[in-house]
Amino acid sequence: MEGTTNLSREDKILLIPGPTPVPTPVLRAQSRPIINHRSPEFHALFEELIAGLQEVFRTQQEVLLFTSSGTGGLESAIVNTLSPGDRVLGVSIGTFGDRFADLAEAYGAQVERLNFPHGTAADPEVVRERLAQDRQGTVRAVLLTHNETSTGVINDLPALSQVVREHGALLLVDAISGLIAAPLEMDAWGLDVVVAGSQKAFMIPPGLAFVAASERAWQARESARMPRFYFDWEAARKYAARRETPFTPAVSLCFALQEALQLIRAEGLERIQARHRRLRDAVRAGVGAMGLELVAAEECASPSVTAVYMPEGVSSKELRQILSQRYQTVIAGGRGQFVREIFRLGHLGWVDGMTVLSGLLALEMALRDLGLAVPAGAGVAAAREVLAGGKEGG
Ligand SMILES: Cc1ncc(COP(=O)(O)O)c(C=O)c1O
């Protein structure tokens, strides 16, 4: 259905799992005049940011702020807790879990991989059995993904954390696409390192990584011998004591974060998470009603992103092109080694029911353009019912 819109939109409807849409007050905050990052104004800003980050990480520990993408935060987790040759268990349920393991390997860790089939969550019992084989207790750390963005699967972090606690290894968690959108209790669940990134549920542009470490992780740092400089936690902590960062921070992103944390506090974590669950359920109901097949089972379905199998004979690239060019809607393709092609709909951060409904309508139109017999209006109707409260997110 060409010609639905002929406006040239600068701001397309962004339904990818990061970077996510940025609310207008946050965009505005970013354009404030730059301040000296070694000044009382910055000190006050920094203090507010760290307090706000502690609230969303659910921790009493210092949260370190790095100017980098999320991977920088993951790199900091590896190099500050481990030494070359250390045994590490890389639990992976998708591309990002694989990458975390690759990162540890690049720094000389001896990584053993425990991979679960794409589309499923890590089974805590299988992790327990694997760790039980380590009778000498030489596995130093377990790498885990909170929410696997490549498959739209969320792990049962409390259960997995308990298993790792029983063994005694450090638990390093990539919570880049999960934090805020899904519950995560760093202190209560005994997570040793938690890493997040600005471009996901924080609703600010890419460019900041946030990292918090437990007492045990800080202790591990004392003997960790992997090379580090920019991502050295000790330097970050030393400067944080004077409410600064060791190197020039992305000051404009700090303004954005200040504004976003205020929005997050105003909505409240519980309500934010309920909204994400509802959006997930609406999207799942919508694509299901269009006759499409979901990758993740309901019990491990991510509140941030939904992965969907492409219908037979249609290419995800072509679908995404039509969506972007005709319907001003941007969705993500598949990542990694999926046997069947997939596409992914992000619904995290500054996303509401209307955004999701319009995304589903665009999807329906694009699929029909591609010759698929998608029932008109069925996806939107099913999603609308969920959003109207017919089916509350669990
Ligand atoms: C779960 C997860 N881990 C790691 C990354 C990598 O983060 P970045 O691209 O910010 O380095 C992403 C980004 O999509 C992610 O979703």
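Sequence positions in the sequence shown follow this note's numbering and run 16 to 409. Cβ atoms here follow ideal geometry from the backbone N, Cα and C, with glycine treated the same way.
Residue 57 and residue 92 have their C-alpha atoms roughly 26 Å apart. Placement of the Cβ of residue 162 at a distance of less than 7 Å from at least one heavy atom of ligand 1 is found.
C-alpha of residue 197 to C-alpha of residue 387: approximately 34 Å in a straight line. One thing to note: residue 222 has its Cβ no nearer than 8 Å to the Cβ of residue 175. The segment 139–165 contains, as complete beta strand (DSSP E) runs of 3+ residues, the segments 154–160 (chain order). By DSSP's assignment, residue 358 forms a beta bridge with 323, 348.
Looking at the DSSP output, residue 225 shares a beta bridge with 80, 211.
In terms of side-chain proximity, the C-beta atom of residue 303 is found no nearer than 7 Å to any non-hydrogen atom of ligand 1. Between residue 30 and residue 260, the C-beta gap is not smaller than 8 Å, which leaves the two residues out of contact. Checking the 7 Å criterion, the Cβ of residue 189 is within range of a heavy atom belonging to ligand 1. Assignment of residue 41 by DSSP, reduced to helix, strand and coil, places it in the helix class.
Minimum Cα-Cα distance from residue 84 among the listed residues 325, 276, 214, 371 corresponds to 214. When the beta-carbon positions are compared, residue 401 and residue 300 come within less than 8 Å of each other.
A residue is called buried once 16 or more other Cβ atoms fall within 10 Å of its Cβ, and residue 99, having fewer, is exposed.
In the DSSP assignment, residue 169 forms a beta bridge with 162.
If you look at residue 238, you'll find it in the alpha helix (DSSP H) that goes 230–238. Annotation: the continuous beta strand (DSSP E) that includes residue 130 extends over 125–130.
Put simply, the backbone Cα of residue 376 is about 7 Å away from that of residue 394. Three or more beta-carbon pairs separated by less than 8 Å link the segment 286–298 to the segment 345–363, which places the two stretches in contact. Under the three-pair Cβ rule at 8 Å, the segment 75–84 counts as touching the segment 242–252.
If you look at residue 105, you'll find it in the beta strand (DSSP E) that goes 102–107. At least one heavy atom of ligand 1 lies less than 7 Å from the C-beta of residue 111.
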